[in-house]
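Chains as they are written, first to last, in the working numbering: chain A, 632 to 1052; chain B, 24 to 207.
From the three backbone atoms N, C-alpha and C, an ideal C-beta is built for every residue, glycine too.
Predicted model, so just to flag it, every value in this text is computed and none were measured.
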């Protein structure tokens, strides 16, 4: 790419010394983007925008919030009742958390459907998994801050997961709490970390984008870009497409904020934390329900390993297994479009995640226990059995030779041979 | 030229086009919308309802002796209440306007001449002037003296000498009854 000369002398002066304008021109305007991206490719930029909204609302909320067990709950109520637009900022923040997970989960499923995790984008994918882990830690600690009943007991249950670690478990939990139960030291450190982690996520997002811009976007066909005829400049084509998608997203997001602000919340969290009484039914936020179901699925010891420890290991493994996905999948093509069996099993896997979520939201009794166990088994089977086997035995269809060939010669993959000759 | 951008059919190459209009109109709506969305963030830093609710202070003045000064807190700031003697009132009222950097008659500053109520924050850079305690220096004009940069206020709280640009402000207040005033 040839260096651009800037007409404005101030911009030219700065750009000569720090090529920030050239970089923006190259990465945000000229950036060659596959011309066939569909709307599922909107969710990356949406996630970035939600992150910015979360940081902006979060900073304003932090100016009004008091991280102390005696005042936290009241300070949140003060935000809701007394602070100018405090209700708006808080509902944007709480619903923004749910929106963030919806957007990021769609982003993940899109990557899994179209094979975006495959070489050469493995590291891009791995960074994404780390972003998800950081988001989970951030949202969990943020949920504790209002110091309601669910905050307190959620914090108690989740921190107690670490007590499953042999020998040092109890010591680790005490260290996490800074005491012998979830109390003021815990609340204080959670607030500090809840403020810190979004900036770490921001840095990870930057690295994620950097890696993206090195190997460029995947696309619905899952084939490589062959030349400039396969791409469009990011601006205006994808800036305007992303902006349109943002408009649609904001309608959904703000509909919740203004008309159903507590839709994703738990009524019990409007009761102040009481360390002497556990609510009858503890559920995490909806975005943790599948992992929660996996945690509870194991009800039996295996040899000398306790059910508790296995549940905790499987819960963490359910996310960490994503790190290995690029190497578990050996299929010759990336996109599910050309994988007739994977295309269907992808939706079975999606349904399995939904089932796990439903199981996680119900009390672990009756039929929910075996359903949860079966769904947990299938979850891991998808990664460890189905995907490797499909890579070996699935009869894939032949993708078109290039993105533009698919568009200009009608019928994906049908007239590829002609085009090649 | 498959990789170049084709322009819209109605683009003539000269003058304004429908596309220019759409671009400007959309950008304008976007900018205004963003500006409106920013307002709640800014306004959340303004005083909240509970802060404003504390903005009125009731003071019982029945126990203040003739010539005694007391300090009360209003909106986190000191308010000086001076129960002025007849001689002090006379002195404050007789000052010619041309001697004042910030001309204001005493009658405009005290609802009842025997009660002067002023915000005790120097109009220079916000220090609290001395003069509330009998042992304090009261400056050359018998009112208040700011130790930070040497501003002298008279018995009506008006600036007379020093760097301060204006008189000590009179807060909004009213006499609820003979022995109580409500500030704010």
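Extent of the continuous beta strand (DSSP E) to which residue i belongs
i                      : result
residue 81 of chain B  : 80 to 83
residue 205 of chain B : 203 to 206
residue 90 of chain B  : First-last for residue 90 of chain B: undefined, no H or E at that position.
residue 863 of chain A : 862 to 864
residue 140 of chain B : 138 to 142
residue 102 of chain B : 100 to 106
residue 664 of chain A : 663 to 665
residue 168 of chain B : 165 to 169
residue 912 of chain A : Note, residue 912 of chain A: premise wrong, no beta strand (DSSP E); not H, not E.
residue 801 of chain A : First-last for residue 801 of chain A: 800 to 808, but that is the alpha helix (DSSP H), not the beta strand (DSSP E).
residue 174 of chain B : 174 to 177
residue 198 of chain B : 196 to 200
7 angstroms Cβ cutoff met for residue i and residue j
i                      : j                       : result
residue 152 of chain B : residue 169 of chain B  : yes
residue 720 of chain A : residue 880 of chain A  : no
residue 97 of chain B  : residue 206 of chain B  : yes
residue 636 of chain A : residue 865 of chain A  : no
residue 67 of chain B  : residue 781 of chain A  : no
residue 950 of chain A : residue 1025 of chain A : no
residue 894 of chain A : residue 952 of chain A  : no
residue 810 of chain A : residue 966 of chain A  : no
residue 769 of chain A : residue 835 of chain A  : no
residue 183 of chain B : residue 190 of chain B  : no
residue 142 of chain B : residue 192 of chain B  : yes
residue 824 of chain A : residue 698 of chain A  : no
residue 913 of chain A : residue 945 of chain A  : no
residue 979 of chain A : residue 726 of chain A  : no
residue 673 of chain A : residue 873 of chain A  : yes
residue 983 of chain A : residue 72 of chain B   : no
residue 792 of chain A : residue 1000 of chain A : no
heavy atom of the ligand HEM below 6 angstroms from residue i C-beta
i                      : result
residue 816 of chain A : For the ligand HEM, the structure offers nothing, since it holds no ligand at all.
Boundaries (first-last residue) of the alpha helix (DSSP H) holding residue i
i                       : result
residue 113 of chain B  : 109 to 116
residue 191 of chain B  : No alpha helix (DSSP H) contains residue 191 of chain B, which DSSP labels as neither H nor E.
residue 183 of chain B  : Element bounds for residue 183 of chain B: not the alpha helix (DSSP H) but the beta strand (DSSP E), 182 to 184.
residue 841 of chain A  : 815 to 846
residue 777 of chain A  : Taken as a continuous stretch (DSSP letters only), residue 777 of chain A belongs to no alpha helix (DSSP H), as it is neither H nor E.
residue 1003 of chain A : 999 to 1012
residue 958 of chain A  : 956 to 959
residue 573 of chain A  : With chain A covering 632 to 1052 only, the question about residue 573 of chain A has no answer from this structure.
residue 61 of chain B   : 41 to 66
residue 702 of chain A  : Residue 702 of chain A -> no alpha helix (DSSP H), and no H or E assigned at all.
residue 147 of chain B  : Note, residue 147 of chain B: premise wrong, no alpha helix (DSSP H); not H, not E.
residue 641 of chain A  : 640 to 648
residue 120 of chain B  : From DSSP, residue 120 of chain B is part of no alpha helix (DSSP H); its letter is neither H nor E.
residue 797 of chain A  : Segment: none, residue 797 of chain A is in no alpha helix (DSSP H) and carries neither H nor E.
Rounded distance between the beta-carbons of residue j and residue i, thought under 8 angstroms
i                       : j                       : result
residue 136 of chain B  : residue 112 of chain B  : 5 angstroms
residue 969 of chain A  : residue 1027 of chain A : 5 angstroms
residue 179 of chain B  : residue 115 of chain B  : 4 angstroms
residue 763 of chain A  : residue 735 of chain A  : 6 angstroms
residue 822 of chain A  : residue 904 of chain A  : About 14 angstroms; that fails the 8 angstroms criterion.
residue 991 of chain A  : residue 910 of chain A  : Contact flag wrong, Cβ pair sits at about 16 angstroms.
residue 956 of chain A  : residue 839 of chain A  : The Cβ separation is near 16 angstroms, so there is no contact.
residue 155 of chain B  : residue 107 of chain B  : Not a contact, Cβ separation roughly 14 angstroms.
residue 1034 of chain A : residue 850 of chain A  : 6 angstroms
residue 1003 of chain A : residue 927 of chain A  : 6 angstroms
residue 987 of chain A  : residue 1012 of chain A : Contact doesn't hold; Cβ gap of about 13 angstroms is too wide.
Beta-carbon neighbours of residue i, restricted to chain A and to distances below 8 angstroms
i                     : result
residue 89 of chain B : Those within 8 angstroms of residue 89 of chain B in chain A number zero; the least Cβ separation is about 42 angstroms.
residue 67 of chain B : 691, 694, 695, 714, 715, 716, 717, 720
residue 71 of chain B : 695, 709, 713, 714, 715, 717
Within chain B, the residues that residue i reaches when beta carbons sit closer than 9 angstroms
i                       : result
residue 1037 of chain A : Result: empty, since nearest Cβ-Cβ is about 14 angstroms, beyond 9 angstroms.
residue 703 of chain A  : In chain order: nothing, as chain B lies at least about 16 angstroms away.
Listed by chain order, chain B residues near residue i by CB distance under 8 angstroms
i                      : result
residue 687 of chain A : 64
Contact between the stretch 636 to 656 of chain A and the stretch 684 to 696 of chain A (3+ Cβ pairs under 8 angstroms): No, the stretch 636 to 656 of chain A does not touch the stretch 684 to 696 of chain A.
At least 3 beta-carbon pairs within less than 8 angstroms: the stretch 953 to 969 of chain A vs the stretch 1011 to 1023 of chain A: Taking a cut-off of 8 angstroms on C-beta distances, the stretch 953 to 969 of chain A touches the stretch 1011 to 1023 of chain A, as three or more cross pairs fall below it.
Three CB pairs or more closer than 8 angstroms across the stretch 743 to 751 of chain A and the stretch 842 to 849 of chain A: Between the stretch 743 to 751 of chain A and the stretch 842 to 849 of chain A, the count of C-beta pairs closer than 8 angstroms reaches three or more; the two stretches touch.
Validate contact between the stretch 929 to 936 of chain A and the stretch 769 to 783 of chain A using beta carbons, cut 8 angstroms, 3 pairs: Of all C-beta pairs linking the stretch 929 to 936 of chain A to the stretch 769 to 783 of chain A, fewer than three are shorter than 8 angstroms, placing the two stretches out of contact.
Touch test, the stretch 724 to 744 of chain A against the stretch 799 to 814 of chain A, Cβ-Cβ under 8 angstroms, three pairs minimum: These segments do not touch.
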